[in-house]
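**Q** Residue numbers (our numbering), protein chains in the order written: chain A, 1 to 136; chain B, 1001 to 1627; chain C, 2001 to 2176.
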Amino acid sequence: MISKKFILLIIFFSSIQLFTNNSFSVDPDEILENKKLEMRARIISKNTRCLVCQNQSIDESNSPLAKDLRKIIRKKLLEGKNDDEIYSFLTDRYGDFILLKPSLKLNTIALWFLPFFFLLIGLFIIFYHNKKSKKN
Amino acid sequence: MAIILGNLTLWLSLLFSISQFISLKKNKNRSIISISVVGLLISSISSFLILIYSYLVSNFSILNVFQNSHTTKPLIYKLSAAWGNHEGSMLLWIVVLTLFNFLIYKLLNKKNSIFILKTLEVQIVIIIGFILFTIITSNPFKEVFPVPDNGLGFNPILQDPALAIHPPLLYIGYVGFSAVFSMSVATLILSDNQKFSWHSYMRPFVLLSWTFLSSGIALGSLWAYYELGWGGWWFWDPVENASFMPWLLGTALLHSLIVVQKKRSLQAWVLLLGILTFLLSVIGTFLVRSGILTSVHTFALDPSRGIYILILTIFLGSYSLYLFATRSKSFLDKNYFSFFSKEGSILINNIFMIIVCGIVFLGTIYPLLIEALTNNKISVGKPYFNSTVIPIIIPVILIMGVAPIMSWGKSEKLNFLKKTIPCITITLFMSALFFLIYRSFSIIGILGIIVGFWIISNNIIILIKKDKSHSLGMIISHLGIGLIILGITGSSVWQQEKIAKMNIKNEIEIEKYNIIFDKINEVRGENFIALQGDFLVYDNKKNIVTKLKPENRFYPITNIFTSEVYIHTNLIRDLYIVLGEGNSKDGWTVKIYYNPLVIWIWIGAIFLFFGGIIATKHNLRKSKNYI
Amino acid sequence: MKKKILILPLVVFLLILLTFSYLLVIDRNPQEIPSNLINKKIPNFEANFLFKDKKFIFPEELENKIILVNFFATWCKPCRDEHAYIKNFSEQEEITVIGINYKDDPKKTIKWLNNLGNPYRHVLLDKTGKIAIEWGVYGIPETFVVNSNGIIKYRQAGPVTKKIYKKINLLIKEIK
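1) Given that a residue counts as buried once 16 or more other Cβ atoms are within 10 Å of its Cβ, and exposed if not, what is Pro1550 of chain B?
2) Closer than 8 angstroms, Cβ to any Cβ of chain B: which residues of the region 83 to 108 of chain A, in chain order?
3) Please list the segments of the alpha helix (DSSP H) lying wholly inside the region 2105 to 2131 of chain C, counting only runs of 4 or more residues, in order along the chain.
4) Could you give the first and the last residue of the continuous alpha helix (DSSP H) run that contains Glu1581 of chain B?
5) Helix, strand or coil: how does DSSP classify Met1502 of chain B here?
6) Give the residues from the region 1227 to 1254 of chain B that approach chain C closer than 9 angstroms (Cβ to any Cβ), ordered along the chain.
7) Could you check where the beta strand (DSSP E) with Arg2155 of chain C kicks off and where it finishes?
8) Rounding to the nearest angstrom, what Cα-Cα distance links Ile1042 of chain B and Asn1350 of chain B in this structure?
9) With a threshold of 9 angstroms between beta carbons, is Tyr2022 of chain C in contact with chain B?
10) Against chain C, which members of the region 1270 to 1281 of chain B pass a CB distance test of less than 9 angstroms?
11) Determine the contact status of Arg1162 of chain B and Trp1233 of chain B, defining contact as a CB-CB distance below 9 angstroms.
12) Express the C-alpha separation of Leu1536 of chain B and Leu1548 of chain B in angstroms, rounding to a whole number.
13) Which same chain residues end up closer than 8 angstroms to Val1144 of chain B when comparing Cβ atoms and leaving out the 5 residues on each side of it in sequence?
14) Name the two residues that bound the continuous beta strand (DSSP E) containing Gln1532 of chain B.
15) Compute the Euclidean distance between the alpha carbons of Gly1306 of chain B and Ser1379 of chain B, then round it to the nearest angstrom.
16) Tell me the rounded alpha-carbon separation between Ile1355 of chain B and Gly122 of chain A.
17) Can you give me the C-alpha to C-alpha distance between Trp1588 of chain B and Gly1580 of chain B, rounded to a whole angstrom?
18) Quick one: which chain A residues come within Cβ less than 7 angstroms of Lys1382 of chain B?
19) Counting only beta-carbon separations shorter than 9 angstroms, does Asn2036 of chain C have a partner in chain A?
20) Beta-carbon of Ser23 of chain A versus every beta-carbon of chain C: anything under 9 angstroms?
21) Looking at C-alpha atoms only, which residue of B:Ser1058, B:Phe1244, B:Leu1107, B:Leu1014 is the closest neighbour of Ile1127 of chain B?
22) Using a Cβ-Cβ distance cut-off of 9 angstroms, determine whether Ser1636 of chain B contacts chain A.
23) Out of curiosity, what's the CA-to-CA distance linking Pro1391 of chain B and Ile1397 of chain B?
24) How many angstroms separate the CA atom of Thr2143 of chain C from the CA atom of Lys2173 of chain C?
25) Would you check if the distance between the CB atom of Lys76 of chain A and the CB atom of Asp27 of chain A is smaller than 9 angstroms?
26) For Ser1341 of chain B, name the three-state secondary structure that DSSP assigns.
27) Please classify Asp2104 of chain C as buried or exposed, where buried requires at least 16 neighbouring CB atoms within 10 angstroms.
28) Who are the Cβ neighbours of Leu1280 of chain B in its own chain at under 7 angstroms, not counting the five residues just before and after it?
29) Is any beta-carbon of chain C found at less than 9 angstroms from that of Thr1009 of chain B?
30) Measure the C-alpha to C-alpha separation of Asn1514 of chain B and Leu2037 of chain C and round it to an integer number of angstroms.
31) Beta-carbon within less than 6 angstroms of Gln1532 of chain B's beta-carbon, same chain only, minus the 5 sequence neighbours each way: which residues are those?
32) Give me the chain A residues within the contact set of Ile2033 of chain C, using Cβ-Cβ distance strictly less than 8 angstroms, ordered along the chain.
33) Sort C:Leu2014, C:Leu2023, C:Leu2170 by Cα distance to Leu1373 of chain B and report the nearest one.
34) Report yes if the C-beta distance between Val1360 of chain B and Gly1401 of chain B is below 9 angstroms; otherwise report no.
35) Which word fits Thr1425 of chain B, buried or exposed, when buried means at least 16 other C-beta atoms lie within 10 angstroms of its C-beta?
36) Mind checking if Leu120 of chain A is an interface residue toward chain C, Cβ cutoff 9 angstroms exclusive?
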């Protein structure tokens, strides 16, 4: 038997926006028909920071701003824009902070280059060791 | 009353630590040292217990209890609330520090007194630093007046069994490395007199701390997986990175210690790692508690705390690294390793692990560096770490498979190849079987599965051969890593997600399952009310597999809504379902994940834990001979 | 060579901790995001007036004055808190204050402005939040200071407090 209290409960939950820490991500009505475009949308969203959350992407976030941005990204994909154009749209307005994968710019050269540099040094040490060990 | 007692025990702890320091510096009177060590341990534990007790009885006259608890909280979460907040967790830091102080002291005997006493000196300086930090900036025993009727409650998503044990395990790991730090520094201070086998003392502490750190991290990931509803378990969040980096260094340290013991080589390197592991723990604490960056995990922001910890970090780091710069010369050696030797493989693995640690560190602090230099804000998130770390980890794992079967010193390449042929065969066989069943190919997926099976088969063969020279602890831990890799690969590469709006009696298909939205129920918990959805899962033969019951909860006291994920687990896959917003008219948003092989991550972590415990016990037994 | 390397960890450590010290000491808010539109021209956008049945098109409708653009909403409490300061701005001759009503109900907005007083020369409607995104807005309220050439000079994320009020006034004096 569906009690009156239960119906009230449903109304209660449905009328309040769920501001939770537990995120929900993409709404079913946002999902694009074209699977390729939708996949691109998801990847771009995963790379876009939710600005009002702590360290989440808009793909994972429940916040209204995240939802707005997700919608805009999909709209632009439907308009035929490529990934770079969409990222530019976001960074023109919000700066580089909104990208979770930093683009290669003057101030991120060290970020992208240093891992290679570390690897090179590591390999150098390993080969140096090996070479020297043969001399013993 | 509790406030008086709590403050008293805190100040007693400070007093005992100062007395330990003074007697170590001046007269080395054993009785005073002994009383200080024991007294310190008792007072710090008492302090912690007083706080816990205050939570259990909901004593809201204490500000800390008021801020973080509530009468309606289930008992076990009142307990975990005590150490889940900043101030309480600092008490836990101090308890673990003083516990390890005690353990170091227990090792004291006639032969090693110079070394152990010096170690205790370093350890007590760390302790004094942290007790002062707690008293000055993070004292949990502050009063609130007038006494409120009830507390501010606590985030319900933090009311969870995994999250309850996560801090103690993690801190025993993190903070346990303080003993290793103290030993490294003591060794460097006493470098002119190297006749003691400092590495033998270090090893059990490294093993123990590493074991608990691994479990703490695994529990944190497990919690994130089933609580946050994102279907994932690792997000490269700064606080996660702050625990991962000491783990990487600790693992490197663990393995190079073996080389030190067997070949008397890499000593300077091990001393450096001993310093850096704990130093990274302290830097991590700074990043998380100073408010310098934001993260899902950060505690309440407070710049005065930041400044204090910064000063403590600079002090500990500069002193230890200066010692290293000036005194490690005598530990350098001219041994060089070839690729095809056990020590060579360990060196290679070490180097790769340091590289990974360096990349994680770089990515974590880079936004801060850029902000300081250019006043620009950038983000470095998951995509960066995934694309840089994963390619490097793969060779690490490959080598991890072979290293145990290599011999010390140079190996005959032909002989070595002969040894590995059974492993290669088994690996290829298991991988082929796997792909026959799953029929899904992707390069990373293939690599991950092969690498995972490579480790598992290598270790199973070692196990079968019953070779006594291989420690059981190592085999089990390595098996654990192999299982974890299988789990990580499966759940990342072949994860499937479906999002849909569902009305009652609607059906959705995922993998080979049909899931029907049966009904919506009302559910009451201890401090919440919830809407629960019943979802029936059928396989492709129309047999019912299980019922999934995700919930949307409302906690009236704290006015918080949460979404409780429901997971059905088996050895092959997790079915993971989240109930979103909705109503009876328009339907409910439902998100379902099919996560293959996830459970092997947690099973592998259990293997890691037991492997570590066995290794620690084994090592303690062996060491009793010469320490 | 080897001996010189030994000092490397200390050096790297000190450099990094120096950076942290600097960041702790300066006045910064880790949550705040700097605007990318500073010293750039106002974004192009279209909007409807609240009180008129026309469309507002930048930049033609602007007189050559200093403009304060204030994103606000009736459901936002900090907007109510800062309202007095916005009114003060509107009383200054040289400033035109424009309000952009974010994701709101026009009827509620009219009531709100009637109750608290209307400091805005124009009130524009941003029902979907698109205009806010054009301006790089990530929360409500936000206030932009634009000079008479249409260049954005300053962005305040969050409510205008006494401190910020003084800061903006100083800035306006400089711009003139």
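Note that CB positions come from ideal geometry on N, CA and C, so glycine has one too.
**A** So, to answer that:
1) buried
2) Gly95, Asp96, Phe97, Ile98, Leu99, Leu100, Lys101, Pro102, Asn107, Thr108
3) 2106 to 2116
4) Taken as a continuous stretch (DSSP letters only), Glu1581 of chain B belongs to no alpha helix (DSSP H), being part of the beta strand (DSSP E) at 1573 to 1583.
5) strand
6) none
7) 2152 to 2157
8) 39 angstroms
9) yes
10) Leu1272, Ile1275, Leu1276, Leu1279
11) The identity of residue 1162 of chain B in the sequence shown is Ala, whereas the question assumes Arg. No. Outside cutoff.
12) 6 angstroms
13) Phe1060, Ser1061, Ile1062, Leu1063, Phe1066
14) 1529 to 1538
15) 22 angstroms
16) 7 angstroms
17) 6 angstroms
18) Leu100
19) yes
20) The pLDDT assigned to Ser23 of chain A is 47, lower than 50, so where the model puts this residue is not dependable; a value taken from the coordinates is nonetheless given after this. Not one chain C Cβ lies under 9 angstroms of Ser23 of chain A.
21) B:Leu1014
22) Shown here, chain B extends from 1001 to 1627; a query on residue 1636 of chain B therefore has no answer.
23) 11 angstroms
24) 17 angstroms
25) no
26) coil
27) buried
28) Met1245, Pro1246, Leu1249
29) no
30) 50 angstroms
31) Asn1521, Val1523, Lys1549, Glu1551
32) Leu51, Tyr94, Gly95, Phe97
33) C:Leu2023
34) no
35) exposed
36) no
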